[in-house]
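Here the structure is laid out as structure tokens; the discussion comes afterwards.
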Amino acid sequence: MAIRVRPVGRPQRTLREQIYLWEVWKGLAVTFRHLFRNLARHSLRALGLAGPPGALTIQYPEEPPLLGARARTRHRLLKRPDGTPRCTACMLCETICPAKCIRITAEESPEVMIEKRARTFDIDLGLCVFCGYCVEACPVDAIHMDANDVELSAYNRRDMIWSLPELLGDKKKGRTLP
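With my numbering applied, the sequence shown has no gaps in its numbers, which climb one by one up to 1160 at the end.
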């Protein structure tokens, strides 16, 4: 049986759609509808009348946002009791990462019971999608994702790459002005 493929025609646009004036007007109508609806709701609340709550703006630096208990934000590597990283450089987190933002290089461990350890462990938070697969894949529970730590901004791409000292908490990742 042969499969017939019919070409899909492009719909013809009217003059109103081609100059985009109508589309801009529709977008402005939605924006002003939200503005006046929230203005009316806040006014009713200010007068002491019951009504649905209006939209709220969070003043971010002064009021940190409240995230859910299961929110995943910042990566953290755990240490052994002797202070060395718990990571055994098995590469499972690097393999499972859908964004390919984890880079690990391994070296031989001086301890007899541990075959290898991570020499470098870098996570590019600019590429990370914060899915948590790396945490689930780790067989030695070496990587965690902290909740409610949303201070991950940077002025350039290089500052978004967190290396082993920052992930272990030995070195603070600070923002510097450009």
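Think of the CB as a built atom: it goes at the ideal place given N, C-alpha and C, for glycine as much as any other residue. Values in this document were obtained by computation on a predicted structure and should not be read as measured data.
Span separating the alpha-carbon of Arg988 from that of Gln1000: Near 27 Å, if we compare the C-alpha coordinates of Gln1000 and Arg988.
Residue span of the alpha helix (DSSP H) that contains Leu1059, given as start and end: Here Leu1059 belongs to no alpha helix (DSSP H); instead the beta strand (DSSP E) covers 1056-1059.
Assigned exposure category for Pro1067 - 16 Cβ within 10 Å defines buried: buried
Own chain partners of Thr1087 with C-beta closer than 6 Å, once the 5 adjacent residues on each side are dropped: Arg1101, Thr1102, listed in sequence order.
Through-space distance from Ser1135 to Leu1159, alpha-carbon basis: Low local confidence applies: a pLDDT of 42 at Leu1159 is under 50, so the model's placement there is unreliable, with the coordinate-based value given in what follows. Distance between the alpha carbons of Leu1159 and Ser1135: 12 Å.
Cross-strand partners of Ala926 (DSSP beta bridge): Any question about residue 926 goes unanswered here, given that the chain covers just 983 to 1160.
Residue span of the beta strand (DSSP E) that contains Phe1014, given as start and end: Taken as a continuous stretch (DSSP letters only), Phe1014 belongs to no beta strand (DSSP E), being part of the alpha helix (DSSP H) at 1003-1028.
Spatially closest choice to Thr1070 from Arg1056, Lys1098, Glu1076, by CA coordinates: Lys1098
Continuous alpha helix (DSSP H) stretch holding Thr1102: start and end: From DSSP, Thr1102 is part of no alpha helix (DSSP H) but of the beta strand (DSSP E) over 1098-1106.
Cβ separation of Leu1074 and Cys1120, assumed to be a contact under 8 Å, to the nearest whole Å: 6 Å
Status (buried if at least 16 other CB within 10 Å, exposed otherwise) for Leu1059: buried
Residue burial classification, Trp1144 (beta-carbon count within 10 angstroms, cutoff 16): The residue is buried, with at least 16 neighbouring Cβ atoms inside 10 Å.
Burial state of Arg986 (16 or more Cβ within 10 Å): exposed
Rounded C-alpha distance that separates Gln1041 from His1126: 29 Å
Euclidean distance between Cα positions of Ser1091 and Gly1036: Distance between the alpha carbons of Ser1091 and Gly1036: 58 Å.
Same chain, Cβ closer than 7 Å to Cys1110, neighbours up to 5 away in sequence not counted: Ala1081, Cys1083
Cβ shell of Trp1004 (< 7 Å), same chain only, five flanking positions each side left out: So the qualifying residues of the chain are Arg998.
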